[in-house]
Amino acid sequence: MTVASHPRIAVLLPCYNEEAAIAQTVAGFLAALPGATIYVYDNNSRDRTIEVARTAGAVVRTERMQGKGNVVRRMFADVDADIYLLVDGDATYDAPSAPRMIDKLVNDHLDMVVGFRVDQSAAAYRPGHRTGNWMLTGFLSSVFGQSFKDILSGYRVFSRRFVKSFPALSDGFEIETELAVYALELSLPVAEVETPYYARPEGSFSKLNTWRDGFRILGTILKLYRSERPLRFFTVIGILLALAAIILAIPIVITFIETGLVPRFPTAVLSMGLMIMAMLSVSSGLVLDTVTRGRREMKMLAYLSQPAPKRN
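Each residue of the sequence shown is one higher than the one before, counting from 22 in the working numbering.
#1: I believe F179 touches D132 by the beta-carbon criterion, under 8 Å. Please report the beta-carbon distance rounded to the nearest angstrom.
#2: Mapping DSSP to helix, strand and coil, what is G136?
#3: Do you know how far the Cα of M156 is from the Cα of R247?
#4: Does DSSP classify A201 as helix, strand or coil?
#5: Quick one: what does DSSP say R233 is sitting in, helix, strand or coil?
#6: Using 8 Å as the cut-off, can you tell me whether the stretch 120–130 makes contact with the stretch 61–81, which would need three or more C-beta pairs spanning the two stretches below that distance?
#7: Figure out for me which residue from A41, Y60, S118 has the closest Cα to the Cα of A53.
#8: What is the DSSP secondary structure of Y218, reduced to helix, strand or coil?
#9: Could you tell me the distance, in whole angstroms, from the CA atom of G315 to the CA atom of Y203?
#10: Tell me the rounded alpha-carbon separation between A189 and L261.
#11: Pull up the CB-CB distance for L34 and T46, whole angstroms please, since I reckon it's below 8 Å.
#12: Distance check for V139 and N38, CA to CA, integer angstroms please.
#13: Can you check which of these residues, I71, E72, R29, T76, is closest to A48 by C-alpha distance?
#14: Quick one: what's Y60 bridged to in DSSP?
#15: I need the straight-line Cα distance from E206 to L161, nearest angstrom please.
#16: Taking the beta carbon of S292 as the centre, do at least 16 other beta carbons fall within 10 Å, making it buried, or is it exposed?
#17: Can you tell me whether F97 is buried or exposed? The criterion is at least 16 other CB atoms within 10 Å of its CB, across all chains shown.
#18: Return the first residue and the last residue of the beta strand (DSSP E) that S180 is part of.
#19: Short check: CB of Q327 to CB of R181, under 8 Å?
#20: What does the Cβ neighbour count give for L93, buried or exposed, with the cut at 16 atoms within 10 Å?
#21: By Cβ distance, which residues of its chain are closer than 6 Å to L322, with the 5 residues on each side in sequence left out?
#22: Return yes when the Cβ of L282 is within less than 8 Å of the Cβ of T288, no when it is not.
#23: Going by beta carbon distance, what residues of the same chain come within less than 7 Å of G136, once the five residues before and after it are set aside?
#24: By Cβ distance, which residues of its chain are closer than 7 Å to V73, with the 5 residues on each side in sequence left out?
#25: What's the C-alpha gap between A329 and A265?
#26: Who are the near neighbours of A212 in its chain, counting only those whose CB is closer than 7 Å to its CB and skipping five residues on each side?
#27: Here's the rule: buried if 16 or more other CB atoms are within 10 angstroms of the residue's CB, otherwise exposed. What is D103?
#28: Could you give the distance in angstroms between the alpha-carbon of Y105 and the alpha-carbon of P210?
#29: Enumerate in chain order the residues of its own chain whose CB-to-CB distance from V81 is below 7 Å, with the five nearest sequence positions on each side excluded.
#30: Do G306 and F254 come within 8 Å of each other at the CB atom, strictly closer than that value?
#31: If G193 sits next to G88, beta carbons under 8 Å apart, how far is it from one beta carbon to the other, in whole angstroms?
#32: Find out if the Cβ-Cβ distance for the pair A201, V100 is shorter than 8 Å.
#33: Taking 8 Å as the limit between beta carbons, can you name the residues of its chain near D310, skipping five residues before and five after?
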């Protein structure tokens, strides 16, 4: 592949306090993709990230709203290119893998290629993060029927039509989950490519909190499931409410058949209320499912309005 033959490749690096790693990251991608423009978006760093990135040869911009999701939303809106490569600025991802990922995207007519991390040292991928990624990947697969092996990878290549039609709503590290769900929901052509994953350079520290960000990502999956699969979501709630109503009603019905009396009237009212709520839940799911289909059609139209990646 001749990477330079591809029109307008943009490498997007969201950064927060990455003074120790950003120069190495920028240099690596400048070497791997000579024709690309490297964009570093600083997110209120308190160190010399901006100065170091600019000296290394990157185009430096800023995003004042804190959080990786906010930075990605700004980058996708501002940068105009044909192929986008999104990667963390911590020098943990393998820059020489970038041409292979771009080749995969263009030659196979894909819209997203995810770098499946293969750690090169024990310090690269902490056990808590590995376990959390495995659990969240499995949960996403059970919810949406298919998934990736590494949904939390920060190394991805996108087509222009993906980037310019993606409605980024997340604020923080859950943005990777939102990207995966968007691709699955519209059945976009995607793939994964194995890439080496390294430990951070000395002096560079992770901003990811295993428990806090893990729960935020899990919450994002649930919210996306509610918005993208409302009929299933509210039907499950309706079934649970209906079962509770039936369990409460059984002894009341038995007593009424035997004696003709309803001695526990408050329980009967509660059972009736739960059954009404169950029916309302299912009805809400039916209405929202129609709305969701309309939203999905609008997303697909926005996606189709952009040109597909060009081949060599």
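Beta carbons: idealized from backbone N, C-alpha and C, even for Gly.
Checking against the coordinates, here is how it stands:
#1: For the purposes of this step, residue 179 is taken as the residue at position 158 of the sequence shown. For the purposes of this step, residue 132 is taken as the residue at position 111 of the sequence shown. Their Cβ separation, rounded to whole angstroms, is 7 Å, which keeps F179 and D132 in contact under 8 Å.
#2: The residue you call residue 136 lines up with position 115 of the sequence shown. Residue state, collapsed to three classes: strand.
#3: Translated into positions along the sequence shown, residue 247 becomes position 226. Translated into positions along the sequence shown, residue 156 becomes position 135. Distance between the alpha carbons of R247 and M156 is about 19 Å.
#4: Working through the sequence shown from its first residue, we reach residue 201 at position 180. Helix at A201.
#5: Here residue 233 is taken as the residue at index 212 of the sequence shown, counted from 1. Helix.
#6: No contact exists between the stretch 120–130 and the stretch 61–81.
#7: Position 32 of the sequence shown holds residue 53. Ranking A41, Y60, S118 by Cα distance to A53 puts S118 first.
#8: What you label residue 218 is simply residue 197 of the sequence shown in a count that begins at 1. In the structure shown, Y218 sits in a strand (DSSP, three-state: E or B).
#9: Taking the first residue of the sequence shown as 1, we reach residue 315 at position 294. Taking the first residue of the sequence shown as 1, we reach residue 203 at position 182. Using only the alpha carbons, I get a separation of about 15 Å.
#10: Numbered from 1 along the sequence shown, position 168 holds the residue referred to as residue 189. Numbered from 1 along the sequence shown, position 240 holds the residue referred to as residue 261. Distance between the alpha carbons of A189 and L261: 32 Å.
#11: For the purposes of this step, residue 34 is taken as the residue at position 13 of the sequence shown. For the purposes of this step, residue 46 is taken as the residue at position 25 of the sequence shown. The pair is a contact, with the Cβ atoms about 6 Å apart (cut-off 8 Å).
#12: Counting from 1 along the sequence shown, the entry for residue 38 is found at position 17. Counting from 1 along the sequence shown, the entry for residue 139 is found at position 118. Their Cα atoms are separated by approximately 25 Å.
#13: Taking the sequence shown and counting its residues from 1, the one referred to as residue 48 is at position 27. For the options I71, E72, R29, T76, the alpha carbon positioned closest to that of A48 is the one of T76.
#14: Position 39 of the sequence shown, counting from 1, holds the residue named residue 60. When beta bridges are read from the DSSP output, Y60 appears opposite L33, V80.
#15: Working through the sequence shown from its first residue, we reach residue 206 at position 185. Working through the sequence shown from its first residue, we reach residue 161 at position 140. Approximately 12 Å, taken between the alpha carbons.
#16: As a position in the sequence shown, residue 292 is number 271, starting the count at 1. Under a 10 Å Cβ-count criterion, S292 is classified as buried, with 16 or more other Cβ atoms of the shown protein chains found around its own Cβ.
#17: Here residue 97 corresponds to residue number 76 of the sequence shown, with the count starting at 1. Buried, because 16 or more other Cβ atoms sit within 10 Å of the Cβ of F97.
#18: Residue mapping note: residue 180 aligns to position 159 of the sequence shown, counting from 1. 177–180 is the extent of the beta strand (DSSP E) around S180.
#19: Within the sequence shown, residue 327 is the residue found at index 306, counting from 1. Within the sequence shown, residue 181 is the residue found at index 160, counting from 1. Taking 8 Å as the cut-off, the beta carbon of Q327 is found closer than this to the beta carbon of R181.
#20: By 1-based counting over the sequence shown, the position of residue 93 is 72. According to the sequence as given, residue 93 is Val; it is not Leu. With 16 or more Cβ atoms within 10 Å of its Cβ, V93 is classed as buried.
#21: On the sequence shown, residue 322 is found 301 positions in, with the first residue counted as 1. So the list is empty, once near-sequence residues are dropped.
#22: Indexing the sequence shown from 1 puts residue 288 at position 267. Indexing the sequence shown from 1 puts residue 282 at position 261. No.
#23: The count along the sequence shown starts at 1 and reaches residue 136 at position 115. Closer than 7 Å at Cβ, skipping near neighbours: Y114, S118, M122, S174, Y176, R177, V214, T216.
#24: Indexing the sequence shown from 1 puts residue 73 at position 52. These residues qualify, in order along the chain: E40, I43, A44.
#25: The residue given as residue 329 occupies position 308 in the sequence shown. The residue given as residue 265 occupies position 244 in the sequence shown. Approximately 51 Å between the Cα atoms of the pair.
#26: Your numbering for residue 212 matches position 191 in the sequence shown. Taking C-beta separations shorter than 7 Å and ignoring five residues to either side along the sequence, the partners of A212 in its chain run K125, D129, L131, V134, following chain order.
#27: Counting from one through the sequence shown, the residue named residue 103 turns up at place 82. With 16 or more Cβ atoms within 10 Å of its Cβ, D103 is classed as buried.
#28: On the sequence shown, residue 105 is found 84 positions in, with the first residue counted as 1. On the sequence shown, residue 210 is found 189 positions in, with the first residue counted as 1. So the alpha carbons of these two residues sit roughly 16 Å apart.
#29: By 1-based counting over the sequence shown, the position of residue 81 is 60. V61, D63, I71, A74, R75.
#30: Here residue 254 corresponds to residue number 233 of the sequence shown, with the count starting at 1. Here residue 306 corresponds to residue number 285 of the sequence shown, with the count starting at 1. It is a contact, given that the beta carbons lie within the stated cut-off.
#31: Taking the sequence shown and counting its residues from 1, the one referred to as residue 193 is at position 172. Taking the sequence shown and counting its residues from 1, the one referred to as residue 88 is at position 67. Contact between G193 and G88 holds, with the beta-carbon distance rounding to 4 Å and staying under 8 Å.
#32: Position 180 of the sequence shown holds residue 201. Position 79 of the sequence shown holds residue 100. Cβ distance not < 8 Å, so A201 and V100 don't count as in contact.
#33: Against the sequence shown, residue 310 aligns to sequence position 289. The answer, listed in chain order, is P251, L252.
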